[in-house]
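Chains as they are written, first to last, in the UniProt record's numbering: chain A, 1 to 190; chain B, 1 to 190.
2 protein chains.
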Amino acid sequence: MEIFWTHLRKFVEIDEAEYAAVTTYFEVLECKKKENLLAEGELSKFNYFVLNGCLRKFFVKQNGAEQTTQFALETWWIADLFSFEKQQVADCYIQAVEKSTVLRISYQNYVKLLAAHPVMESYFRKIYQINTAASERRIRYLYEFSREESYLHFRNLFPDFIQRIPQYLLASYLGFTPEYLSEIRAKLRS
Amino acid sequence: MEIFWTHLRKFVEIDEAEYAAVTTYFEVLECKKKENLLAEGELSKFNYFVLNGCLRKFFVKQNGAEQTTQFALETWWIADLFSFEKQQVADCYIQAVEKSTVLRISYQNYVKLLAAHPVMESYFRKIYQINTAASERRIRYLYEFSREESYLHFRNLFPDFIQRIPQYLLASYLGFTPEYLSEIRAKLRS
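Written out as structure tokens, the structure is:
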């Protein structure tokens, strides 16, 4: 939990007493590698914050292949936010890429937390403002970059990530086949 | 301004006195068709809310072509949010598609507004949470849909929009050539 305390104070001023109250709205969850935290067709009850490990979000394409659309490492939030907001069933999966420890908050607790602790309105405003800005840039890159440029750009932004994520998942996220990713990597090494 | 008052109350509880105070942080701006509100290389000073008309965001590709990445109709916000947050120079343009009336808020005023009016933290938290959820869906669609499916999907979601936006801009947004868009439309009519 130390990581959440440190993380929160990067965004807002909060004292130990209020932090203790805030944490009562969350639960800690341990998940095994490849465990699904959310599956297509299930009610999207929770928003997840990664304390340790890595989660990913994917959907199943018409041809049956999994398409990864998001990763979440330590201190990142991940949810099917659209269905979480509306408390609807999800149309995607959230899965642990590795053994992970996460905080989760239910939609009901999220609403109560924001009503009881205005500092958390400010915190989530900053988080979602940053996410909106990051999504705007990601959408631009999807228009702008060739597949090889996407890989180079991602490698520059997240060098540790490239080492840590299984290559077939990274390929899926970048919209490649694993074979094409191997080709790019071989070309860059030569 | 009536449109901003109505819009705000969809998201938060605010009385007339506080609304009057909130509006002092904003300026109203009239813009001509094709007027640039922000150009690449300029400091990204403002966040814009459309009262009337339509704005778009685009960047200039290496081949010199304009790539539209976002439209904003009445009650939508638009900015180069990444450079607005960091008060850096923009790497894109914001332009009026038609004669428009907008509210704008400077970064300095945005910071002051949030500090003075916690209700606006709640408002912007909701706006950016919705934007994050919408971006997640848009990114999924960029992976999932063929070009023809993108057009059909967009037409179902925003029927009025399709009538209103010049076809060459819509084609750019969807990642088509104008010729390809004409072909799809002809095919759907036949």
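The beta-carbon is built from N, C-alpha and C at its ideal position, and this holds for glycine as well.
Counting the other Cβ atoms within 10 Å of the Cβ of A/GLN88 gives fewer than 16, which makes it exposed.
Between A/CYS92 and A/LYS126, the gap from beta carbon to beta carbon reaches 8 Å or more.
Relative to the Cα of B/ALA72, the nearest Cα in the group B/GLU183, B/TYR173, B/ASN156 belongs to B/TYR173.
Counted as a single uninterrupted DSSP element, the alpha helix (DSSP H) harbouring B/THR23 occupies residues 16-23.
Close to B/GLY175, with beta-carbon spacing below 8 Å, are these residues of chain A in chain order: TYR143. Less than 8 Å separates the beta-carbon of B/GLU85 from that of A/ALA133. Residues of the same chain with a CB within less than 7 Å of the CB of B/GLY53, apart from the 5 flanking positions on each side, are ALA96, GLU98, LYS99, SER100, THR101 in chain order. Straight-line spacing of the CA atoms in B/LYS33 and B/ALA79 works out to 18 Å. Neighbours of A/SER122 in chain B, taken as residues at a C-beta separation under 7 Å, are given in chain order as GLU121. When the beta-carbon positions are compared, A/ILE105 and A/GLU148 stay at least 8 Å from each other.
Look at the segment 34-107 of chain A and you find these whole runs of alpha helix (DSSP H), each 4 residues long or longer: 81-86.
When rounded, the separation of the alpha-carbon atoms in A/THR75 and B/GLU179 is 45 Å. Chain B places a beta carbon closer than 8 Å to that of A/ASN131, counting this residue as a contact. Closer than 8 Å to the CB of A/LYS45 there is not a single CB belonging to chain B. Contact annotation, B/TRP5 with B/TYR25: C-beta distance approximately 15 Å; criterion of less than 8 Å not satisfied.
Within the segment 151-183 of chain A, complete alpha helix (DSSP H) segments of at least 4 residues are found at 159-164, 167-174, given in chain order. Interface annotation, A/LYS10: not in contact with chain B, CB-CB separation never under 8 Å. For the segment 53-64 of chain A, the set of positions with a beta-carbon nearer than 9 Å to some beta-carbon of chain B reads LYS57, PHE59, LYS61, GLN62 in chain order.
For B/GLU35, same chain residues with a beta-carbon under 6 Å away, outside a window of 5 residues either side, are ALA96 in chain order. A/PRO178 does not reach chain B, its nearest Cβ partner there being about 16 Å away, counting only Cβ pairs nearer than 7 Å. Inclusion of B/LEU51 and B/LEU103 in the CB contact set at 8 Å is warranted, their separation being smaller than that value. Contact with chain A is found for B/SER135, since one of that chain's Cβ atoms lies less than 8 Å from the residue's Cβ.
With contact defined as three or more Cβ pairs closer than 8 Å, the segment 114-124 of chain B and the segment 59-67 of chain B are not in contact.
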